[in-house]
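Contents: one structure, followed by commentary.
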Amino acid sequence: MKYMLLINAGTIGEDGTAAECTVEDWMSYDKEVRDAGIFVSGESLADLVTATAVRVEPDGKRTITDGPFAETREVLGGFYVIDVPNLDVALDWAARCPGARGSGSIVVRPIADFGA
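Numbered per my numbering, the sequence shown spans residues 65 to 180.
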């Protein structure tokens with residue numbers, strides 16, 4: 065079963081990484097996921113200041129703004145999609161992720177299968 069691990073970074077350091085882990089921590093985790101044969105896809109997202117939000121009104125008018133700007137300290141920093149036997153295994157991999165340390169968190173969501 066495929067699961068998405070949404071990496072919500074907590075406090076971000078000046079180098080753009082979470083204060084609780086290093087670039088080496090991320091490289092090591094990435095290697096573990098790939099070596100385990102469960103990696104489907106994954107990406108790190110560019111800095112939040114590059115984001116653009118699109119909203120569409122009921123009349124079809126669209127509004128484009130810089131953002132998103134949320135009332136939270138967590139920022140979606142990237143994701144992994146892994147293919148593992150069940151939720152318990154996905155949760156184990158999420159707990160190993162450097163982004164889960166300190167003020168960060170990993171949201172684990174199953175990928176919907178519409179039979180395609």
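By construction, the Cβ of each residue, glycine as well, lies at the ideal position given by its N, Cα and C atoms.
Please state whether the Cβ-Cβ distance between P162 and W90 is less than 8 Å. For this step, residue 162 is matched to residue 98 along the sequence shown. For this step, residue 90 is matched to residue 26 along the sequence shown. Yes, the pair counts as a contact, with Cβ atoms nearer than the cut-off.
Run of the beta strand (DSSP E) containing K66, from where it starts to where it stops: Position 2 of the sequence shown, counted from the first residue, corresponds to residue 66. Secondary structure note for K66: its beta strand (DSSP E) is the uninterrupted segment 66-73.
Taking the straight line between their C-alpha atoms, what separation do you get for S105 and I146? Numbered from 1 along the sequence shown, position 41 holds the residue referred to as residue 105. Numbered from 1 along the sequence shown, position 82 holds the residue referred to as residue 146. Straight-line Cα distance between these residues: approximately 7 Å.
Which two residues bound the contiguous alpha helix (DSSP H) that contains V87? Here residue 87 refers to the residue found at position 23 of the sequence shown. For V87, the enclosing alpha helix (DSSP H) covers residues 87-99.
Alpha carbon to alpha carbon, how far is P149 from E88? Taking the first residue of the sequence shown as 1, we reach residue 149 at position 85. Taking the first residue of the sequence shown as 1, we reach residue 88 at position 24. Approximately 28 Å, taken between the alpha carbons.
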